[in-house]
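Note sheet for the following structure.
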Amino acid sequence: MGLSFRTRIFRLLMLFAIVPAVLLALLGYYLSTETLVGFGSKSTGEITDLTDYYHGLLYKNLEQVTDAYTHGDTSPGSADFMIEYGTENGDRFYSNDTLIDLEIVASALRTIAREKERGFVALDSLHLQYVSRRLDNDRLLVVGLVHSPQYAALLSGVHREIAAEFSSRELQPTYAVFLGGLFLIVALIMLTAAYFFSSRMSGSLTRPLGDLTTAAKQIAEGDFNQQVPLQGEGEIRLLIESFNRMTLELERATSRLAQTERVAAWRQVARRFAHELKNPLQPILVSLYRIEKLAAENPVWKQIREPLVAATEEVKHLTDLAERFSHLAKLPKPKREPVDIGKLARSVVDLYDKKLSRHNFSMAMPNEELIIETDQDYLREILHNLLQNAIDACTESARIELKVVMTEEGVEIIIHDEGVGMDTATLSSARLPYFTTKEKGTGLGLAIVEKSVAELGGQLFVESERGKGTTVTLNFPEGNI
328 MGLSFRTRIF
338 RLLMLFAIVP
348 AVLLALLGYY
358 LSTETLVGFG
368 SKSTGEITDL
378 TDYYHGLLYK
388 NLEQVTDAYT
398 HGDTSPGSAD
408 FMIEYGTENG
418 DRFYSNDTLI
428 DLEIVASALR
438 TIAREKERGF
448 VALDSLHLQY
458 VSRRLDNDRL
468 LVVGLVHSPQ
478 YAALLSGVHR
488 EIAAEFSSRE
498 LQPTYAVFLG
508 GLFLIVALIM
518 LTAAYFFSSR
528 MSGSLTRPLG
538 DLTTAAKQIA
548 EGDFNQQVPL
558 QGEGEIRLLI
568 ESFNRMTLEL
578 ERATSRLAQT
588 ERVAAWRQVA
598 RRFAHELKNP
608 LQPILVSLYR
618 IEKLAAENPV
628 WKQIREPLVA
638 ATEEVKHLTD
648 LAERFSHLAK
658 LPKPKREPVD
668 IGKLARSVVD
678 LYDKKLSRHN
688 FSMAMPNEEL
698 IIETDQDYLR
708 EILHNLLQNA
718 IDACTESARI
728 ELKVVMTEEG
738 VEIIIHDEGV
748 GMDTATLSSA
758 RLPYFTTKEK
768 GTGLGLAIVE
778 KSVAELGGQL
788 FVESERGKGT
798 TVTLNFPEGN
808 I
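Residue numbers (this note's numbering): 328 to 808.
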């Protein structure tokens, strides 16, 4: 099985986050290894090269003076001083600068010159550069220059720069580790934040799609009562809202289709039942009338008159029942016209004023006039049936409420009572023709209401709970307004 959509989105987001983190880590490595290599090396390197070159020229001049001395020229020439050490003759001094105390210089150089052939010596404020050469086993020649205090200070600064460079090079591994660690920590923080936000973002994107997929599967299995919780933003939220509207319309269309099919089936049953019932009832009723008339004229038949009346009433009841079944089977086509639903509801309530006065009745209507395209007679008959059912189900002082409300889908008429209510089994059979819980009920009232509502293009919803009451909702779509 392939990766889920959420996993693929998560990996893609993580990839976009990892790339900058890796680049940042590489940048830190580069800065810690390359940038520090050149730190301080350019300026000190140039100065060192320059001073080495200059000192090389001076050493060369000193070497020339030394060579001239060995060939008999005892003058200092370009040198500032010339000292010959010997065991027999002592020290012989030659100098181009009368300000130099050659005895002090000779004393300082004697030991050093024996160990190194060339170099520098710092003596108080003087900075001496010398070249030494052994003439024989007993004689040593030292030729040198005396540099100015400014030059000595410059050279000292170069030495400090060089020392600082070596120090920075010694510290470079430690600083590189610190800088690399710092960049690594920043990269890890970025990766952690990327993981967190990628997880959140992929979840916020795929979770609604997963809910939609689950709901779509349920609908495919025939469960149309599916509503996906609103979540997400933008197009995702709009998609969920559209899906919920679609499932609501699908559920209503399915309910209307089932209701239409059910009504059509019962219409066929009612037509056949009314036909089979009315045919024998009419002759029976005529015969009973004749017997009753004969009994009234003959005193001998007085004792059977009362049973005859009762039989006649029952036959009339059966005839009325047959008429109702006939009415269920042959409801006329509705004649739609503009109807003020509030005015119609008040007129029906007025007919039940005396009965409703014994109950806690309330009515809620919109403030503005509400006109819908419907059949006034159909709607009046529907309200009659439902109000009578509510009254029959309630004891005195029980609450009965009639409401007319505007919704996004259209208009709803709600009749609620706090009567005896119905259990689940009774509620499931309440719409079936000839099913009744009343002692003298025909069981056709709610069946006719359902058929009438269907003819008007609406829907009938009944909710009930034993001991708590019943709520009947009539829903008429927006096209009727």
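Backbone N, C-alpha and C define an ideal beta-carbon position, used for all residues, glycine too. All figures in this text were calculated on a predicted structure; none of them were measured in a lab.
Please report the distance separating the alpha-carbon of Ser779 from that of Tyr705. The alpha-carbon atoms of Ser779 and Tyr705 are separated by roughly 6 Å.
Helix, strand or coil: how does DSSP classify Ser755 here? Correct three-state label for Ser755: helix.
Identify, in the order they occur along the chain, each residue of the same chain with its Cβ nearer than 6 Å to the Cβ of Lys795, setting aside the five sequence neighbours on each side. Answer for Lys795: Gly748, listed in chain order.
Counting C-beta neighbours from all protein chains within 10 Å, is the total for Gly785 16 or more, i.e. buried, or is it exposed? In summary, Gly785 is buried, with 16 or more beta-carbon neighbours lying within 10 Å of its beta-carbon over all protein chains present.
Where Glu708 and Gln558 are concerned, what is the direct C-alpha to C-alpha distance, given to the nearest angstrom? So the alpha carbons of these two residues sit roughly 44 Å apart.
Straight-line gap, Phe788 to Leu801 (C-alpha atoms, nearest Å): Approximately 7 Å between the Cα atoms of the pair.
Just the C-alpha distance for Gln456 and Leu354, rounded to the nearest angstrom, thanks. Each residue's Cα considered, the two are about 47 Å apart.
Count the other CB atoms, across all protein chains shown, that sit within 10 Å of the CB of Arg793; report buried if there are 16 or more and exposed otherwise. Residue environment: Arg793 is assigned as exposed (fewer than 16 neighbouring CB atoms within 10 Å of its CB, all protein chains considered).
Return the CA-CA distance between Asp680 and Glu695, expressed in angstroms with no decimal places. Taking the straight line joining both Cα atoms gives about 24 Å.
Among Thr519, Ser674 and Ile618, which residue has its Cα nearest to the Cα of Gln703? Its Cα nearest to that of Gln703, the residue Ser674 stands out among Thr519, Ser674 and Ile618.
When you compare only the Cα positions, how much space is there between Asn716 and Gly746? About 10 Å.
Just the C-alpha distance for Leu575 and Val642, rounded to the nearest angstrom, thanks. If you take the alpha carbons of Leu575 and Val642, they lie about 47 Å apart.
Pick out whichever of Ile718, Asn464, Ile563 and Thr753 has its Cα sitting closest to the Cα of Arg534. That would be Ile563, whose Cα lies nearest to the Cα of Arg534.
Rounded to a whole number of angstroms, what is the C-alpha to C-alpha distance between Met517 and Phe523? Rounded to the nearest angstrom, the two C-alpha atoms are 10 Å apart.
Distance, Cα to Cα, Ala781 vs Thr722? The alpha-carbon atoms of Ala781 and Thr722 are separated by roughly 31 Å.
Just to confirm the assignment, what range does the alpha helix (DSSP H) spanning Glu708 have? Note, Glu708: alpha helix (DSSP H), Gln703 to Ala720.
Need the endpoints of the alpha helix (DSSP H) that Ser674 sits in, please. From DSSP, the alpha helix (DSSP H) with Ser674 extends over Ile668 to Leu678.
Between the C-alpha atoms of Thr540 and Arg572, what's the straight-line distance to the nearest angstrom? Rounded to whole angstroms, Thr540 to Arg572 spans 16 Å at the Cα level.
Pop quiz: Leu385 and Val470 are said to be a contact at Cβ under 8 Å. What is the actual Cβ separation, rounded to whole angstroms? Actually they are not in contact, since the Cβ atoms of Leu385 and Val470 sit about 11 Å apart, beyond 8 Å.
Can you look up Lys730 in the DSSP assignment and give me helix, strand or coil? Per DSSP, reduced to three states, the secondary structure at Lys730 is strand.
Nearest-angstrom Cα distance between Phe686 and Ile718? Here residue 686 turns out to be His, not Phe, going by the sequence shown. In a straight line, the C-alpha of His686 is about 8 Å away from that of Ile718.
If you reduce the DSSP assignment to three classes, tell me which class Asn855 lands in. Outside the displayed range of the chain (328 to 808) lies residue 855, so it cannot be described from this structure.
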